[in-house]
Amino acid sequence: MAKTDSTARRGARLGRMALLSLAVCLIAVLASVSGLSEVLELTTYDLRFQLRGSRPTDVPIVIVAIDDESFEQLQQNVRSWPRAEYARLIAAIAAGHPAVIGVDVVFDTPGRDPGGDEVLAETLRQAGNVVLSSHLSVQRGRGYTDVTYSPPVSPLAEAAAATGLANVQLDRDAVARRVPLQQYFLDEWRPALSFEMARLYQGLPAGSFQYHRGQVTLGSRTYSVGADMSLLINFRGPPAETFTQVPMYQVLNGEVPPSTFTDKIVLIGYTTLLEHDVYLTPFRKTSSGATVGTPGVEVQAHALATLLSGDPLRRPSTAVSWLLMGLGALVTILAFWRLKPLTALSLITALVVIYLTLAFLAFAFGNLWLPLVPPVGLVALVTTAGLVERVVIEEREKRRLRDRFQHFMAPDRLRAVLEHWEDLLAEDRSEIEATVLFSDIRGFTSATEQLTRAGRNAEVISFLNRYTDAMVEAIFAEQGVLDKMLGDGLLVLFGAPERSPDHALLAVRAALRMAALLPELNEVWPLRDERPLRIGIGIHSGPLTDGIVGRGRRVEYTVIGDAVNTASRVQDYTKEVLARRIAQEGDSGLPEATILITQATYEQVKNHVQVDPNIPPLHAKGKAEPIRVYRVLGLRSGEV
């Protein structure tokens, strides 16, 4: 029956956890559909960059910055800078024989300086390795999509080695983390600026773009891209701290030697805020702690370094994320189903910490972006649901146990039961070493019959109330637990449910406390004028099994085992011992207690109590050997 109860209890718990988890999964789906989980995941993605820290790059990139200082020195407006000056800038760079030059400035309208475009076009032809930028703008509204393509003007586009889209893709939170390698417009795939520069740097022919099932091939390298052909950029560090930068005006003024650009990849672009070509990236804080944006030309540099280093970040498919979520939820449900809440919580916390560590290591050393928010968030939600379920059920069970046991054990003992109530429900409870005390009033049955015939029932009840209250106080004072109260008989436990190494001594001390109360209780004993109040106490220490039995309204904390039976028989034997002593010494007529302890108890308390060892052994029915007993006379001198 106990096994059936346990199975039913666990089945009910599993059912509750499954329902709560289903509700949690629906919340997770809503969070995913709404985009909330993705925004949070992107935040953890950025945090991983910051924890990983800056990384050096072996790709030789130099940025020629069109910065605020250049505009101050050259005294030119950003919008009307002559094309001839761009030609002079590119010629100065080309003099150093760079590997490739990329211009992150879109020349989509004719220059304002007469003949400037022709001069710039000639410079581009002479350099032979310049990639110009184009831009593709997509505006979406309700029921329409407006696409604007802005390529360089024809003379410049024809003179350049290649053109590439300088678009930077923003995620839901307006942070730049990826660049589209190719975009389709007017029946043609148009490559990215970084892609074309990487192609030229590797000496690959035009049209080298190959795509197959989420993979883009460039030369001997293959890159994972999203459905929109976007490449996750492996950012190397904060803005202005990662790549070599030289101001444009210094190049034009001859302050930068041409050798600075030899065999390098040179990117020309705005770093001034006037052009508004600045993006938030995962490295939003500099080494000084300030929050800054990253100029578009630096984003292109990071994308280019990612392509040439062959270390783009990879993100598993959505199916992997859902698989991790399902696995995390399943493990959490099983943990709360099979384990105690604290153990389950500790296990889940450890597994989450392990997963977080593995996810960071995979990111830092394997360039793998494992999802964090969906699986960990779902585990957290299921854990919360599990804790709520357990708290609600536990509080209900504890309330029932508290109502049942608050009058049978001291508050600290009751707390022990409530803290271990699930352990006490287990059927496979192991034996414990404890001490059992039985007490009984001598001749109480005959006394009750006599008083009942005399119509003095109220006196019996009144006395029992006084007697029980006094005995319970004595028991509680020594950490005892009143397991059962059968009329005038008491079954008391020491060392259970909470273990105590001094359970035997506590039992003897409680018995002496009970004996000390008898003179006072004798004053309210209804038959005090006919016979004194006397009790018998039997104490035995040994192995027993404790636990909570019963379900629903009928709940009991009890113990079973030979130790209980032996203590009961020793208590019965006190009648014979008392009668023999009265026969030998005469009746003093005073209230007293006959306290007998077995050899097992005596071995644990012999250094603390005084005993009369001359008590004949108890020949108990069913026992092969007689039970050696001692009568307790009191504590040794110095014992309190």
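In this text, residue positions in the sequence shown follow the numbering used here: the first is 37, and each later residue adds one.
Every residue, glycine too, gets a C-beta built ideally from N, C-alpha and C.
For K300, the secondary structure class from DSSP, reduced to helix, strand or coil, is coil. Taking the CA atoms as reference points, A212 sits about 18 angstroms from S169. Cβ atoms of I575 and T637 come within 8 angstroms of each other, at about 5 angstroms. In its chain, beyond the 5 residues on either side, V167, A198, G200 have a beta carbon closer than 6 angstroms to the beta carbon of E232. In terms of Cα proximity to G479, the closest of R545, T278, K611, G364 is K611.
Contiguous beta strand (DSSP E) elements confined to the segment 458–522 occur at 468–477, 517–522, taking only those with 3 or more residues. Distance from the Cα of R226 is smallest, within the candidate group Q486, E334, P187, for P187. With a minimum length of 3 residues, the unbroken runs of beta strand (DSSP E) contained wholly in the segment 239–311 fall at 246–248, 251–254, 257–260, 266–268, 280–283, 301–306.
DSSP, read as helix, strand or coil, puts S577 in strand.
For G152, the uninterrupted alpha helix (DSSP H) run begins and ends at 152–163, by DSSP. Here the alpha carbons of L654 and P568 stand approximately 26 angstroms from one another. For V183, the closest alpha carbon among the candidates I126, G152, H171, R667 is that of H171. In the displayed model, H171 falls within a strand according to three-state DSSP.
Apart from the 5 residues on each side of it in sequence, V136 sits with its Cβ closer than 7 angstroms to the Cβ of N165, V167, M233, L236, Y237, I301 in its chain, given in chain order. Distances from the CA of V335 to each of E661, G625, E639, Q205 were compared; the closest alpha carbon is that of Q205. At a Cβ-Cβ threshold of 8 angstroms, L387 and V367 count as neighbours.
Apart from the 5 residues on each side of it in sequence, V613 sits with its Cβ closer than 7 angstroms to the Cβ of T630, L632, I651, R667 in its chain, given in chain order. Taking the CA atoms as reference points, L160 sits about 15 angstroms from P118. In the displayed model, L392 falls within a helix according to three-state DSSP. Straight through space, the alpha carbons of T634 and R489 are spaced by roughly 39 angstroms. The beta carbon of I102 is closer than 6 angstroms to those of M284, Y306 in its chain, skipping five residues each way along the sequence. Residue S382 holds the alpha-carbon nearest to the alpha-carbon of L423 among S382, L397, G402, L404. L553 is not a Cβ neighbour of A619, given a cutoff of 8 angstroms.
Straight across, the Cα-Cα distance linking V333 with L340 is about 10 angstroms. Proximity of the segment 528–548 to the segment 559–566 falls short of the contact definition, fewer than three beta-carbon pairs being nearer than 8 angstroms.
Taking a 10 Å sphere around the C-beta of E514, we find 16 or more other C-beta atoms and assign the residue as buried.
In the three-state reduction of the DSSP assignment, A212 falls in the strand class, which pools E and B.
G525 carries a strand assignment under DSSP once its states are collapsed to helix, strand and coil. In the structure shown, the three-state DSSP call for V204 is coil. Rounded to the nearest angstrom, the gap between the Cα atoms of E154 and T342 is 34 angstroms. When DSSP reads this structure, D140 sits in a beta bridge with G305.
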